[in-house]
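Numbering (the working numbering), first residue to last: 8 to 457. See structure below.
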């Protein structure tokens, strides 16, 4: 038994140590969200903060005209994500709301008009065949060839493998590649060009030096710089939104208010955690001290998970986390009360610990399962209607409650077993602070008289 407890204790120490290490590093995460190279630290311990804590811009767009299909709205979402990410906005949140709306939250952006310009209006990308009427192509005629942004799979900045000069790489889908191949075959070597327009504004008009087959092409130019290539690639990549959209709601959150909210949330968390630990130690003595150690381990593990995934912490998310701390304490209280009842019946301390956990487990399990179901419902409604506050609360509460079960059943139980096997375990009054029942023998004698 001792060796088993020792192994569990080593696992706990290693797990908590790794959690503390992760919290101390600014670059470690699981990559489920943005990659480590792309993530920007926005909060304490490198945690990802939401709009209400960091400040920024909140926009809601709605599709115009007929209700679009799901695939069309997903296309809008993907295009706007590419636009926002390409311009380096830290930790944007972009999600669908219902069938025809899009919620966009841009932390760190303090100007709504700037944000709207960043996202851009409905962009229409078109490729046209340009017939040059003179050698310099100062006079020309453009013809529609049916090649639009919908047929462009990808556009990205690159470098010429031979000269290292900045270039733009293009990739078309099968239909776009076929049209592009026919056009370049027709104009190759003639001096005619392919003109590229974004919202009827000319971006480029490159010459086709040869027929380009296979749906892949590069654009090079003497005046190309790294920045210019990047900008044009973003414009091409933006392509064309599958449906037109318009802003129906906009507001900004002041960064100062966000900072103040974060400071007050942290202060409330420190005070609440300190009061809980103080109460547990004063009322439950040794089990209370063990519960305090388990809670400290629990906080480290949960925050490490928040950082590794990463989870966006909002005020609602912090509320969910604090609520989960309370539920972790509640689980310990159920266990300790059951343990005290077993001690009063005359059982030994180690036997009382085992029975206390076994009898408290069904209550802990059922209450947490019901909480998981509630979190799932809240997450579904929040995702369905774009209520990020609700989804943040649901996710943080779910993770917190899941870890609290591990904390109560494994960490607390292991520490109690180890303490019960030491000389401290020979003093049951330190584990069951009930007047007149300081030892199992007294309890047995009292019951025999009855």
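Each residue gets a CB set at the ideal place from its N, CA and C atoms; glycine is no exception. In this text the structure is predicted, and so the values were computed from the model without any measurement.
A residue is called buried once 16 or more other Cβ atoms fall within 10 Å of its Cβ, and residue 17, having fewer, is exposed.
Assignment of residue 250 by DSSP, reduced to helix, strand and coil, places it in the coil class. In this structure, the straight-line span from the alpha carbon of residue 167 to that of residue 227 is close to 9 Å. Taking C-beta atoms as the reference points, residue 349 and residue 333 fail to come closer than 8 Å. Put simply, the backbone Cα of residue 233 is about 34 Å away from that of residue 260.
Secondary structure note for residue 157: it is in no alpha helix (DSSP H), with a DSSP letter that is neither H nor E. Considering only 193, 204, 222 and 230, the residue with the shortest C-alpha distance to residue 215 is 193. The way I'd put it, the region 173-187 doesn't touch the region 110-124; fewer than three beta-carbon pairs between them come closer than 8 Å. Per the Cβ contact rule, the region 137-147 is not in contact with the region 282-289 (fewer than 3 Cβ pairs under 8 Å). The residues 8, 12, 357 and 360, in chain order, have a CB closer than 8 Å to that of residue 424 in the same chain once the five nearest residues on each side in sequence are set aside. With fewer than 16 other Cβ atoms from the protein chains shown falling within 10 Å of its own Cβ, residue 78 counts as exposed.
In the same chain as residue 268, and ignoring 5 residues on each side of it, the C-beta atoms closer than 7 Å to its own belong to 59, 60 and 322, in chain order. Residue 415: not part of any beta strand (DSSP E); DSSP gives it neither H nor E. In the displayed model, residue 99 falls within coil according to three-state DSSP, outside both helix and strand. DSSP places residue 345 in the helix class (H, G or I) of the three-state scheme.
Judged by DSSP secondary structure, residue 427 falls outside any beta strand (DSSP E) and instead within the alpha helix (DSSP H) spanning 420-427. For the pair of segments examined, the region 250-259 was found to touch the region 65-79: the number of CB pairs separated by less than 8 Å reaches three. Taking 8 Å as the upper bound for CB-CB distance, residue 335 and residue 305 are in contact here, some 5 Å apart. DSSP places residue 146 in the coil class of the three-state scheme, outside both helix and strand. Cβ neighbours of residue 99 within its own chain (closer than 8 Å, five residues either side excluded): 88, 91, 92, 111, 112, 113 and 114. Of the candidates 65, 22 and 32, the residue whose Cα lies closest to the Cα of residue 256 is 65. Residue 389 and residue 26 have their C-alpha atoms some 29 Å from each other.
When secondary structure is reduced to three states using DSSP, residue 32 falls in the coil class, being assigned neither helix nor strand. In terms of Cα proximity to residue 294, the closest of 374, 418, 381 and 405 is 418.
Here residue 204 is bridged, per DSSP, to 133 and 209. For residue 70, the enclosing beta strand (DSSP E) has its first and last residue at 63-70. At a Cβ-Cβ threshold of 8 Å, residue 309 and residue 407 count as neighbours.
The residues 64, 66, 113 and 116, in chain order, have a CB closer than 7 Å to that of residue 122 in the same chain once the five nearest residues on each side in sequence are set aside.
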